[in-house]
């Protein structure tokens with residue numbers, strides 16, 4: 001049920017985001033979604049890619065510091081209130097969300113929410129029980145590509 | 146005769162190491178005889194040395210005891226630059242068979258020369274170095290010191306060959322190839338700069354290769370100062386014994402001194418290199434046991450004898466005799482150089498202090514650089530530290546915590562606030578595998 005997210009350390013300097021992305025593109029690795037967290041000194045690039053093992057290898061070989069983290073994807077209808085319902089369910093169960101980001105799926109007017117929970121396994125149980133649709137990796141990739 | 150089997154086994158004795166165990170009185174006799182010869186040679190053949198002797202009203206005949214060395218003039222690095230390229234040579238080019246040069250980070254490099262006999266001595270002291278680190282015939286040595294003008298590569302190469310070990314002249318860089326060689330060739334010992342070898346360990350982890358499971362048992366590290374904490378990291382990370390060796394191109398290259406199995410100070414091969422410790426301010430010779438600047442005299446060098454060379458390395462001579470039985474005096478491992486020290490807001494700081502602070506934080510590595518700037522008349526110190534996979538997190542807060550922890554560790558040791566920046570791996574420049582630790586951008 002869990003999804004592997006790839007994080008890359010970046011210095012906060014002009015042009016630094018382009019380098020790892022260009023590297024992945026040269027290798028033909030497509031990025032489904034990304035989010036960038038930044039401070040004045042450094043940034044963390046977080047990405048969802050289908051071929052995360054190869055992406056991690058390619059980046060490491062080029063001296064990027066890479067980390068894999070388990071995240072949870074929830075698929076909701078792309079309409080006002082879609083996200084709020086999921087957040088309410090998480091809040092009731094006191095699930096701690098480290099961060100999240102979202103992207104639209106090409107099919108059926110739906111959106112994928114990517115959550116970094118402190119306890120991903122409990123989150124999956126809680127959200128599934130609350131009627132949210134926790135989306136499998138394969139299903140997610142199929143919906144995008 | 147055991148000479149055919151002398152160093153086939155662990156603990157075996159290598160004949161080249163015999164001078165390590167000379168009775169002290171005999172060693173002093175050898176030193177005095179060689180000192181008088183080398184002073185005469187330099188006086189007769191090197192203009193700079195002769196004129197400095199004459200200014201002091203000295204001739205080689207004034208050297209009657211080892212203590213008389215204190216009357217001789219010092220040689221400093223600038224002398225080697227000023228006489229670039231061949232001004233300090235004491236042999237005609239027809240007798241010189243090898244030249245090396247230092248990396249000239251500022252201006253011209255310095256050039257050093259060797260006769261055939263000098264190369265023999267160099268191979269001998271490197272053989273004694275490897276023997277002292279427990280290597281013997283049958284060991285497979287991966288030499289990752291840079292080959293070329295730098296003395297490290299070829300110096301270690303001929304010493305390991307003379308020992309009877311198998312040498313792989315892989316030179317520095319290309320880490321994945323280093324790892325392939327290490328694994329596929331059953332390498333048992335490696336020579337490298339400590340900062341480069343740390344990188345090799347990291348890359349091995351990335352590739353899922355556990356160096357502790359390889360036959361590799363010994364690492365010979367030199368060419369840059371490193372700390373005891375770094376030794377622990379290397380020994381644990383690679384499952385090896387990590388030995389510190391000492392040398393400098395101006396004297397011969399690697400092979401001036403080496404640790405033994407006790408890893409407690411470096412024995413100076415003082416039948417060839419005479420050590421003194423001086424007060425760096427006054428130049429006065431200090432008694433054994435006191436900390437000061439190491440001064441070395443080459444006792445047997447022909448092509449380029451160097452008298453009383455000020456190394457800028459801060460250490461002290463250990464007065465106790467070593468449990469290994471060598472009569473050679475030991476120096477404390479060199480953690481700092483007097484010209485590495487910088488003063489910020491009136492505080493003397495050595496990069497080794499910063500390194501120790503960084504290594505005290507779990508998961509960090511000593512890839513760092515200190516940058517000094519002046520802002521509105523006030524000195525500022527920034528430390529850039531390369532991020533490792535161990536400390537990296539997808540959470541901003543976790544990384545901010547690492548940053549704060551590192552800054553605090555440094556502030557506690559040196560008492561000055563530092564701006565700590567996390568930087569991408571391999572962004573801190575390395576030359577010949579040596580890390581440049583301090584960049585001083587302050588306009589004087």
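Chains as they are written, first to last, in the numbering used here: chain A, 1 to 145; chain B, 146 to 589.
Ideal placement from N, C-alpha and C gives every residue a C-beta, glycine not left out.
Meets three-Cβ-pair contact criterion under 8 Å: the stretch 463-479 of chain B and the stretch 418-433 of chain B: As far as the Cβ criterion goes, the stretch 463-479 of chain B touches the stretch 418-433 of chain B, which means the pair count is three or higher.
Beta-carbon proximity list for residue 449 (chain B), same chain, < 7 Å, skipping 5 on both sides: Leaving aside the five residues that flank residue 449 (chain B) on each side, the residues in its chain whose CB is nearer than 7 Å to its CB run, in chain order, 233, 234, 235, 257 and 258.
Backbone CA spacing between residue 225 (chain B) and residue 395 (chain B) [nearest angstrom]: The straight-line gap separating the alpha-carbon atoms of residue 225 (chain B) and residue 395 (chain B) is approximately 8 Å.
C-beta neighbour in chain B for residue 5 (chain A), strict 9 Å: Cβ-Cβ to chain B under 9 Å: yes for residue 5 (chain A).
Rounded straight-line distance, which links the Cα of residue 529 (chain B) to that of residue 544 (chain B): Going by the C-alpha atoms only, they are around 14 Å apart.
Under 9 Å between C-beta atoms of residue 140 (chain A) and residue 75 (chain A): Cβ distance < 9 Å, so residue 140 (chain A) and residue 75 (chain A) count as in contact.
Residue 433 (chain B), buried or exposed, once every other Cβ within 10 Å from all chains shown has been counted against 16: Here residue 433 (chain B) is exposed: its Cβ has fewer than 16 other Cβ atoms, across all protein chains shown, within 10 Å.
Status (buried if at least 16 other CB within 10 Å, exposed otherwise) for residue 287 (chain B): Buried, since its Cβ has 16 or more Cβ neighbours within 10 Å.
Selection of the stretch 28-61 of chain A by Cβ proximity to chain B, strictly under 7 Å: Going along the stretch 28-61 of chain A in chain order, one finds 37, 39, 41, 42, 44, 46 and 60 with a Cβ nearer than 7 Å to chain B.
Per DSSP, the bridge partner or partners of residue 133 (chain A): Partner(s): A:75.
Residues that residue 369 (chain B) contacts on chain A, provided the C-beta gap is smaller than 7 Å: Per Cβ cutoff of 7 Å: no residues; residue 369 (chain B) is ~21 Å from chain A at best.
Contacts of residue 533 (chain B) in chain A (Cβ-Cβ under 9 Å): In chain order: 65.
Boundaries (first-last residue) of the alpha helix (DSSP H) holding residue 36 (chain A): Residue 36 (chain A) -> not in any alpha helix (DSSP H); beta strand (DSSP E) instead, spanning 31-38.
Chain B contact residues for residue 9 (chain A), given Cβ-Cβ distances below 7 Å: Per Cβ cutoff of 7 Å: 532, 537 and 569.
Neighbour flag for residue 545 (chain B) against chain A, beta carbons, 9 Å: Put simply, the CB of residue 545 (chain B) is near chain A, with a gap under 9 Å to one of its CB atoms.
Any chain B beta carbon closer than 9 Å to residue 133 (chain A): Not flagged as an interface residue toward chain B: residue 133 (chain A), since no C-beta distance is shorter than 9 Å.
Below-9 Å beta-carbon distance, residue 98 (chain A) vs any chain B residue: So yes, residue 98 (chain A) belongs to the interface.
Whole-number beta carbon distance between residue 211 (chain B) and residue 167 (chain B), since they are thought to touch under 8 Å: Wrong, their Cβ atoms sit about 15 Å apart, outside the cutoff.
Cross-chain neighbours of residue 541 (chain B) in chain A, by beta carbon under 7 Å: Here the neighbours are 37, 39 and 44.
Exposure of residue 367 (chain B), with buried meaning 16 or more beta-carbon neighbours within 10 Å: Burial call: buried.
Residue burial classification, residue 457 (chain B) (beta-carbon count within 10 angstroms, cutoff 16): Only buried fits residue 457 (chain B), as 16 or more other CB atoms lie within 10 angstroms of its CB.
When B:158, B:511, B:549 and B:540 are compared against residue 533 (chain B), the one with the closest alpha-carbon: Nearest C-alpha to residue 533 (chain B): B:511.
Rounded Cβ spacing between residue 124 (chain A) and residue 48 (chain A) (contact assumed at less than 8 Å): Not confirmed; about 17 Å, so no contact.
Proximity below 9 Å, CB of residue 582 (chain B) to CB of residue 479 (chain B): Going by C-beta atoms, residue 582 (chain B) is not nearer than 9 Å to residue 479 (chain B).
Inter-residue spacing [alpha-carbon to alpha-carbon] between residue 436 (chain B) and residue 363 (chain B): Our two residues, residue 436 (chain B) and residue 363 (chain B), have alpha carbons roughly 30 Å apart in a direct line.
Helix, strand or coil at residue 250 (chain B) according to DSSP, with G and I counted as helix: Interpretation of residue 250 (chain B) is limited by its pLDDT of 48, a score under 50 that renders its predicted location unreliable; the figure taken from the coordinates is listed afterwards. Residue state, collapsed to three classes: coil.
Segments of 3+ residues assigned as beta strand (DSSP E) that fall wholly inside the stretch 317-367 of chain B: Fully enclosed beta strand (DSSP E) runs of no fewer than 3 residues occupy 334-337 and 363-366 of the stretch 317-367 of chain B, in order along the chain.
Simplified DSSP state of residue 271 (chain B), which is helix, strand or coil: Looking at residue 271 (chain B) - three-state DSSP - the assignment turns out to be helix.
Contacting residues, own chain, Cβ-Cβ under 6 Å from residue 250 (chain B) (five flanking each side not counted): Confidence at residue 250 (chain B) is low in this model, with a pLDDT of 48, below 50, so the placement of that residue should be treated as unreliable; the coordinate-derived value is given next. Correct list: empty, nothing qualifies.
Buried or exposed by the 16-neighbour rule on C-beta atoms within 10 Å, applied to residue 377 (chain B): Residue 377 (chain B) comes out exposed.
Bounding residues of the beta strand (DSSP E) (the contiguous stretch that carries residue 582 (chain B)): Neither: residue 582 (chain B) is in no beta strand (DSSP E) and is coded neither H nor E.
Where the alpha helix (DSSP H) containing residue 6 (chain A) begins and where it ends: Per DSSP, residue 6 (chain A) is not a residue of any alpha helix (DSSP H); the beta strand (DSSP E) it occupies stretches across 2-11.
Alpha helix (DSSP H) segment containing residue 530 (chain B), residue limits: No alpha helix (DSSP H) contains residue 530 (chain B), which is instead part of the beta strand (DSSP E) from 523-531.
Segment limits, alpha helix (DSSP H) that includes residue 292 (chain B): Per DSSP, residue 292 (chain B) belongs to no alpha helix (DSSP H) and is neither H nor E.
Given 8 Å, three or more beta-carbon pairs between the stretch 188-199 of chain B and the stretch 306-318 of chain B: Verdict: no, contact absent.
First through last residue of the alpha helix (DSSP H) which encompasses residue 486 (chain B): Segment: none, residue 486 (chain B) is in no alpha helix (DSSP H) and carries neither H nor E.
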